[in-house]
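Below is one structure, written out as structure tokens; comments come after it.
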Amino acid sequence: MDERVIICKKLTKRFGDFVAVDQISFDVGKGEIFGFLGANGAGKTTAIRMLCGLSFPSSGEASVAGFNVFRQQESIKKNIGYMSQKFSLYEDLSIVENIQFFGGVYGVPDKEISSRSNALIQKLGLQSEAKKMVGALPLGWKQKLAFSVAVFHQPKIVFLDEPTAGVDPVARRQFWDMIYEAAASGITIFVTTHYMDEAEYCNRITMMVDGKIAALDTPGRLKQQYSADSMDDVFYQLARKAKRVDD
Amino acid sequence: MKQLLVFVKKEFYQVFRDRRTLLIMFGLPVAQILLFGFALTSEVKNARIAISDNAVDVNSLQIIQKIRASSNFLVDSDPINPNQINTVLKKGDVKCVVIFPPGFGNDLIHLGNARVQIITDGSDPNTARTLLNYLTAIIADYQKEISTPEVLPYSIITETRMLYNEEGNGSLNFIPGVLALVLMIVCTALTSVAVVRERELGTMEVLLVSPFKPVMVLIAKAIPYLILSLVNFLLILLLCVWVLHVPILGSIVLLFLETILFILACLSFGLLISTITHSQQSALLLSIMGMMIPTLVFTGFLFPLENMPLIFRLISNLIPARWYYLIVKSIMLKGLGFEYVWKETLVLTGMTLVLLIISMKNFKTRLS
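Read top to bottom, the protein sequences are chains A and B.
Residue numbering for the first sequence follows our numbering, starting at 96 and increasing by one per position.
Residue numbering for the second sequence follows our numbering, starting at 2 and increasing by one per position.
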């Protein structure tokens with residue numbers, strides 16, 4: 096690992112007596128596809144919110160894209176992209192308008208926006224749909240477009256929170272092709288998912304159980320370690336130990 | 002700054018693409034102004050009235066002639082006989098019956114007093130009372146015409162004037178109220194819905210992760226509605242002047258500034274609602290319950306505040322629209338300047354600030 100873009104040391108978040116995230120430590124390298132797994136309520140979302148600069152950690156240390164999560168939230172936000180499980184584009188704006196809006200919000204210059212959006216629309220093969228409302232597109236296309244918008248401002252890291260929820264297998268496969276392409280261009284991918292077959296596509300995986308990191312390794316070595324055939328199996332073995340009730 | 006422009010542009014796209022929002026924004030004020038201006042006036046025009054003239058003499062005919070001449074009444078051409086009175090009132094065709102007894106004119110001239118009976122449909126007490134007043138006035142007028150002034154050694158003549166509304170134009174009083182109501186709906190309801198929608202659809206999350214400052218999201222949301230509300234305000238003023246013929250006596254600039262202040266109060270309230278609700282429906286419901294109904298009840302434009310019990314009068318002080326209503330009435334209808342409305346302005350400013358501070362605080366605590 097030559098360059099580390101996310102460094103987490105004993106990162107903790109407490110809500111009153113409840114410890115949502117309990118001293119997690121990990122590093123993510125540049126261009127890596129980092130899978131972040133865990134049952135509902137394991138603390139994934141809380142951890143992501145801290146890394147994205149949306150909430151302050153209670154203790155510990157972390158830096159994202161070289162910026163401190165306590166003091167440099169603004170700089171972090173400029174250097175990351177984000178896409179959530181809820182579809183995150185405006186359905187009542189056209190494809191071009193969505194790109195222009197998010198490009199503008201991230202401060203991409205106008206000239207850049209128009210040249211990059213032309214290239215993007217060509218790449219996605221959406222020339223004839225460019226002026227149509229996003230709401231009219233099929234879900235698979237929407238997700239691909241949402242991902243393209245999330246990396247439009249060329250961030251160092253992109254956080255994907257269950258990006259493929261509800262998408263059919265073919266579209267999911269295409270979606271992951273886009274992720275690989277982005278990673279190859281040097282963008283670090285931080286992804287959460289519930290699909291264990293997708294977990295296999297990641298370079299490395301973290302399993303969170305009850306706010307702690309229960310396992311962290313490549314999918315291959317994790318399967319070896321737990322003598323499991325699939326990631327599904329690994330997940331069940333780890334998740335079964337959870338004491339926290341799903342909330 | 003450029004980011005803000007991009008955001009405002011996007012808001013405008015969304016407003017203009019949503020037919021429902023557009024309808025509420027521009028259809029509502031027109032409909033309300035026309036409704037309140039023409040349909041819901043307190044004066045009664047062209048009320049159907051029946052006459053049972055059992056005297057048929059000069060005096061009764063003269064009075065009937067006067068009633069016919071009034072624009073308030075539409076006299077049924079066929080006189081009815083006394084047995085029919087109940088039937089026509091029950092059918093609801095006429096609101097009022099005037100009965101002249103046999104020998105009405107005779108009694109009047111020879112005895113010096115005569116009786117005329119007026120029966121009204123009391124199931125609608127407001128109309129009944131108004132018609133009664135009109136008729137009594139007509140008869141009193143006639144009485145004055147035929148009596149010689151020397152008969153009374155003393156006479157007190159009441160001279161009445163309805164200041165600021167000499168013609169008794171019923172739509173005058175409604176306009177400031179409708180203005181307050183429309184601005185409230187557009188600013189409070191639409192703003193709160195617009196913010197909650199972002200949260201419901203998940204786009205708010207994306208915005209919060211972006212370098213765009215959270216408070217700027219609120220400002221960017223508020224700007225389009227502020228502009229559209231001002232357009233609305235001008236639209237209502239134009240309708241008032243040209244369609245309802247209500248003149249604007251005071252300074253338009255002052256009225257404009259006061260309106261901006263009121264719009265800010267409404268926007269703050271809309272933002273406050275958006276911070277405490279989770280769905281567009283509940284935001285809309287809360288805006289209606291929290292703003293529209295109190296505005297209708299407590300501003301005094303539909304129900305006089307003076308008649309309310311003390312506790313309701315105290316509550317009415319908390320409604321921003323009440324103060325705005327007073328301000329508009331003073332400036333628009335009475336032509337008064339700032340020196341007469343500074344107190345109301347101060348109250349409104351205070352309310353705006355309090356609402357704004359609470360909603361900003363709420364918004365920030367919701368984020369963390």
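Ideal Cβ placement from N, Cα and C applies to all residues, glycine included.
Check	Outcome
Under the three-state DSSP convention, the category Arg162 (chain B) falls into	coil
Boundaries (first-last residue) of the alpha helix (DSSP H) holding Arg316 (chain A)	314–320
Helix, strand or coil at Ser13 (chain B) [DSSP, three-state]	The sequence shown places Phe at residue 13 (chain B), rather than the Ser named in the question. Looking at Phe13 (chain B) - three-state DSSP - the assignment turns out to be helix.
Cβ neighbour criterion (16 or more within 10 Å) applied to Ser183 (chain A)	buried
Residue from B:Thr128, B:Ser124, B:Phe105, B:Ile110 with nearest C-alpha to Val117 (chain B)	B:Phe105
Buried versus exposed, by CB contacts within 10 Å (16 or more), Tyr226 (chain B)	buried
The segment 181–188 of chain B touching the segment 223–238 of chain B, judged by at least three CB pairs closer than 8 Å	yes
Ala173 (chain A) versus Gln167 (chain A) - alpha carbon distance	The question names Ala, yet the displayed sequence has Lys at residue 173 (chain A). C-alpha separation (whole angstroms): 10 Å.
Partners in chain B for Cys147 (chain A), counting only beta-carbon separations shorter than 8 Å	Val210
CA nearest to the CA of Arg267 (chain A), picked from A:Ala294, A:Gly281, A:Ser280, A:Ala245	A:Ala294
Leu287 (chain B) versus Gly28 (chain B) - alpha carbon distance	22 Å
Contact set between Asp187 (chain A) and chain B, taken where Cβ atoms lie within less than 8 Å	Tyr14, Gln15, Arg18, Asp19
Neighbour flag for Leu202 (chain B) against chain D, beta carbons, 8 Å	Here chain D cannot be found, since the structure's protein chains are A and B.
Close beta carbons around Gly336 (chain B), own chain, < 6 Å, minus the five adjacent residues each side	Leu250, Gly251
Classification of Asn174 (chain B) by the beta-carbon crowding that lies within 10 angstroms, buried from 16 upward	buried
8 Å Cβ cutoff, Glu345 (chain B) in contact with chain A	no
Outcome for Gly230 (chain A) when other beta-carbon atoms lying within 10 angstroms are tallied against a minimum of 16	exposed
Contact set between Lys11 (chain B) and chain A, taken where Cβ atoms lie within less than 8 Å	Tyr185, Leu188, Glu192, Phe196
Whether Cys97 (chain B) touches Ile50 (chain B) by CB criterion (8 Å)	yes
Spatial distance of Val298 (chain B) from Ser156 (chain B) (CA atoms)	43 Å
Interface flag, Phe8 (chain B) vs chain A, CB-CB below 8 Å	yes
Chain A contact for Phe364 (chain B) (CB, 8 Å cutoff)	no
Alpha carbon of Thr121 (chain B) to alpha carbon of Val196 (chain B), nearest angstrom	53 Å
Candidates A:Thr313, A:Ala309, A:Arg339, A:Arg316: closest to Gln332 (chain A) by CA position	A:Ala309
Boundaries (first-last residue) of the alpha helix (DSSP H) holding Ile316 (chain B)	311–317
The segment 164–175 of chain A: positions lying closer than 8 Å to chain B by Cβ	Glu169, Lys172, Lys173, Ile175
Minimum C-alpha distance to Thr375 (chain B) - residue among B:Asn134, B:Phe263, B:Val16	Given a span of 2 to 369 for chain B in the structure shown, any question on residue 375 (chain B) remains unanswerable.
Listed by chain order, chain A residues near Glu206 (chain B) by CB distance under 9 Å	Leu149, Tyr177, Ser179, Lys181, Ser183, Asp256
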